[in-house]
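**Q**
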Amino acid sequence: MQKQGHLAWEHWSTKRHEPRFDHFLSWRLNRTVYGRPAATKESYTCKAADHPSLPFPGCHVFINHKYKYIYIRSPKAASTSIVDELGECNNQRTRGHNSSTCMGMHGTWEHWFKDPRNITDMWRDYFVFGFVRNPWKRAYSLFKYMQSDGCMGGDSLAQPHCKVSWGDFCVDPWGSSDSVHDKGCLVRSKSYMYFHMMDQFHCMVTAEGDWAVDYVGRVESANDDWKDVLSSINQRRDPSMPEIPYNPLVPKNVRTGSVSDPYAGHNAHCLDAVSSWYACDVEKFGYLKDSRRR
726 MQKQGHLAWE
736 HWSTKRHEPR
746 FDHFLSWRLN
756 RTVYGRPAAT
766 KESYTCKAAD
776 HPSLPFPGCH
786 VFINHKYKYI
796 YIRSPKAAST
806 SIVDELGECN
816 NQRTRGHNSS
826 TCMGMHGTWE
836 HWFKDPRNIT
846 DMWRDYFVFG
856 FVRNPWKRAY
866 SLFKYMQSDG
876 CMGGDSLAQP
886 HCKVSWGDFC
896 VDPWGSSDSV
906 HDKGCLVRSK
916 SYMYFHMMDQ
926 FHCMVTAEGD
936 WAVDYVGRVE
946 SANDDWKDVL
956 SSINQRRDPS
966 MPEIPYNPLV
976 PKNVRTGSVS
986 DPYAGHNAHC
996 LDAVSSWYAC
1006 DVEKFGYLKD
1016 SRRR
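First residue of the sequence shown: 726, per the working numbering; consecutive thereafter.
(1) Could you tell me whether the stretch 843-853 touches the stretch 880-895, where touching means 3 or more Cβ pairs closer than 8 Å?
(2) Let's see if you can read the secondary structure: which residues bound the alpha helix (DSSP H) around I969?
(3) Measure the Cβ-Cβ separation of R753 and W899 and say whether it is below 8 Å.
(4) Residues in its own chain within less than 7 Å of G878 by CB, not counting five upstream and five downstream?
(5) Could you tell me the alpha carbon to alpha carbon distance between S778 and L996, rounded to whole angstroms?
(6) Exposed or buried, which one is N843 when buried takes at least 16 other CB atoms within 10 Å?
(7) Which residues does DSSP pair with F852 in a beta bridge?
(8) Under 6 Å Cβ to Cβ from C725, same chain only, skipping five residues before and after it: list those, please.
(9) How long is the line joining the alpha carbons of R1019 and S965, rounded to whole angstroms?
(10) Leaving out the 5 sequence neighbours to the left and right, which residues in its chain are closer than 7 Å to V954 when beta-carbon positions are compared?
(11) Tell me whether V930 sits in a helix, a strand or coil according to DSSP, three-state version.
(12) Determine the closest residue to S796 out of A1004, R820, S957 and N992, with distance taken between C-alpha atoms.
(13) Secondary structure at H731, three-state DSSP: helix, strand or coil?
(14) Using the Cα positions of R962 and R858, report the straight-line distance between them to the nearest angstrom.
(15) Please classify L974 as buried or exposed, where buried requires at least 16 other C-beta atoms within 10 Å of its C-beta.
(16) Between L750 and R818, what straight-line distance do the alpha-carbon atoms span, to the nearest angstrom?
(17) Given a cut-off of 8 Å, decide if V1007 and P860 are closer than it, judged by their beta-carbon atoms.
(18) For the beta strand (DSSP E) containing V941, list its first residue and its last residue.
(19) Do the CB positions of A803 and A937 come within less than 8 Å of each other?
(20) T770 and D924 look like a contact to me (Cβ under 8 Å); what is the Cβ gap, rounded to whole Å?
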């Protein structure tokens, strides 16, 4: 993997929030009402996709200047474990929130954009990494998460009108999420849910479609890959900073469910449905349909 430049600005800058939102609403309207995409193929993340990239509410980019790393966060891909291990600055819910290893989200250092050379130089010199997860496992994990106390408050979990079947969710996760949100079942915002449903690939590439990362780890080999990440970070750190010691990533928010294969039987259609939604993840990260069990 060879990093070619920085992540496309329109996918993460807070200055592009409104255009992203407008694009997303246009896509939702065209998809749900008219059954067609919202844009031409040129705006798609990769050729395998059947819909445009959905950069709303935006990719989450974290940075640490002392250790010279940039972390691109993909939800439901060990992201909570990684953030908790390194710490999110000023977020007391993370273990290392006040440590030298803590990272700040891009909205806290947007002033760098006053000179584009700053972001270009930083992206070139810093170690940029992300983690991805098997898209079929990730989709089912998201479904379980939406119907957990992490997303539903009060007695919503027990209410029949708050229930969504996996067979419906896998076909249209955005519509399923909107439905239960509008019924008052979710304590999370719509944009929070949308962020969790985005594909992983479009946050890892430049505007030209080239890689914007030095390294992509996989949840399936999380701790081996985490060792590689720390080794690279320690090599680039400021000489005055101590090395970051290796600690195994502790699984967080694990909700796998009791179903041995959520893509079998009357839910067999979910295999192709998820493959379509996350076509770029399947193609670019080399996942195979048979890997849904592993």
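By construction, the Cβ of each residue, glycine as well, lies at the ideal position given by its N, Cα and C atoms.
**A** So, from the listed chains and residues:
(1) Too few Cβ pairs lie closer than 8 Å, so no.
(2) What you label residue 969 is simply residue 244 of the sequence shown in a count that begins at 1. Where I969 is concerned, there is no enclosing alpha helix (DSSP H), given that its DSSP letter is neither H nor E.
(3) On the sequence shown, residue 753 is found 28 positions in, with the first residue counted as 1. On the sequence shown, residue 899 is found 174 positions in, with the first residue counted as 1. Contact check for R753 against W899 passes: the beta carbons are separated by less than 8 Å.
(4) As a working note, residue 878 is residue 153 in the sequence shown. Taking G878 as the centre and dropping the five residues before and after it, the same chain places the C-beta of V912 closer than 7 Å to its C-beta, in chain order.
(5) Here residue 778 refers to the residue found at position 53 of the sequence shown. Here residue 996 refers to the residue found at position 271 of the sequence shown. Rounded to whole angstroms, S778 to L996 spans 20 Å at the Cα level.
(6) Against the sequence shown, residue 843 aligns to sequence position 118. Exposed is the call here.
(7) If you number the sequence shown from 1, residue 852 lands on position 127. By DSSP's assignment, F852 forms a beta bridge with Y794.
(8) Here the chain covers residues 726 to 1019 and nothing more, so residue 725 does not appear.
(9) In the sequence shown, residue 1019 corresponds to position 294, counting from 1. In the sequence shown, residue 965 corresponds to position 240, counting from 1. Note that R1019 scores a pLDDT of 48, beneath 50, so its modelled location is shaky; the value from the coordinates is reported in the next line. The straight-line gap from Cα to Cα measures roughly 42 Å.
(10) By one-based count along the sequence shown, residue 954 stands at place 229. So the list reads F854, Y940 and G942, once near-sequence residues are dropped.
(11) In the sequence shown, residue 930 corresponds to position 205, counting from 1. For V930, the secondary structure class from DSSP, reduced to helix, strand or coil, is strand.
(12) Here residue 796 is taken as the residue at index 71 of the sequence shown, counted from 1. Sequence inspection shows Tyr at residue 796; the Ser mentioned does not correspond to that position. When A1004, R820, S957 and N992 are compared, the shortest CA-CA separation from Y796 is found for S957.
(13) Locating residue 731 in the sequence shown gives position 6, where the first residue counts as 1. If DSSP states are grouped into helix, strand and coil, H731 belongs with coil.
(14) Looking up residue 962 in the sequence shown gives position 237. Looking up residue 858 in the sequence shown gives position 133. Roughly 27 Å between the two C-alpha positions.
(15) Residue 974 sits at position 249 when you count from the first residue of the sequence shown. Result: buried.
(16) Walking along the sequence shown from the start, residue 750 turns up at place 25. Walking along the sequence shown from the start, residue 818 turns up at place 93. Near 32 Å, if we compare the C-alpha coordinates of R818 and L750.
(17) Taking the first residue of the sequence shown as 1, we reach residue 860 at position 135. Taking the first residue of the sequence shown as 1, we reach residue 1007 at position 282. Yes; because the gap between Cβ atoms is below 8 Å, this pair is in contact.
(18) Counting from 1 along the sequence shown, the entry for residue 941 is found at position 216. First-last of the beta strand (DSSP E) with V941: Y940 to R943.
(19) Working through the sequence shown from its first residue, we reach residue 803 at position 78. Working through the sequence shown from its first residue, we reach residue 937 at position 212. A937 is positioned such that its CB atom lies no closer than 8 Å to that of A803.
(20) As a working mapping, residue 770 is identified with position 45 in the sequence shown. As a working mapping, residue 924 is identified with position 199 in the sequence shown. Going by Cβ atoms, the distance from T770 to D924 rounds to 7 Å, so yes, they are a contact pair.
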